[in-house]
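Numbering (this note's numbering), first residue to last: 7 to 90. Where is the CB? At the ideal position from N, CA and C, for every residue including glycine. Given the structure is predicted, the values throughout are model-derived calculations rather than measurements.
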């Protein structure tokens, strides 16, 4: 299998597996954080059928952002000040 995806050494295969494991960890942490936030706020997210759920997958959330291509935000320069 390693040769079919052009990884010719065991070290490269292990590196690829570590990268995939890291991606799954980030994906899982994202889902956990989204679900935790929805549960704490009492809000829900529509699932594939449009029913509200507090346990959406990251894929559903990514699909909700599908139509957003560019977001321009205007801001003013903020200065931090110390309280008296």
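Does DSSP put residue 59 in a helix, a strand or coil? Position 53 of the chain shown, counted from the first residue, corresponds to residue 59. Looking at residue 59 - three-state DSSP - the assignment turns out to be strand.
Going by DSSP, what residues sit across from residue 93 in a beta bridge? Look at the range of the chain in this structure, 7 to 90, and you will see that residue 93 is not part of it.
Could you round the C-beta distance between residue 69 and residue 45 to whole angstroms and report it? I think they count as a contact, below 8 Å. On the chain shown, position 63 is the one that residue 69 refers to. On the chain shown, position 39 is the one that residue 45 refers to. At roughly 21 Å, the Cβ-Cβ gap does not stay under 8 Å, so residue 69 and residue 45 are not in contact.
For residue 45, which of helix, strand or coil comes out of DSSP? On the chain shown, position 39 is the one that residue 45 refers to. Residue 45 falls in the helix class under three-state DSSP.
With the cut-off set at 9 Å, would you say residue 37 and residue 62 are in Cβ contact? The residue labelled residue 37 in the question sits at position 31 within the chain shown. The residue labelled residue 62 in the question sits at position 56 within the chain shown. Taking 9 Å as the Cβ cut-off, residue 37 and residue 62 qualify as a contacting pair.
Check for me: the alpha helix (DSSP H) holding residue 68 runs from which residue to which? The count along the chain shown starts at 1 and reaches residue 68 at position 62. That run of the alpha helix (DSSP H) goes 64-70.
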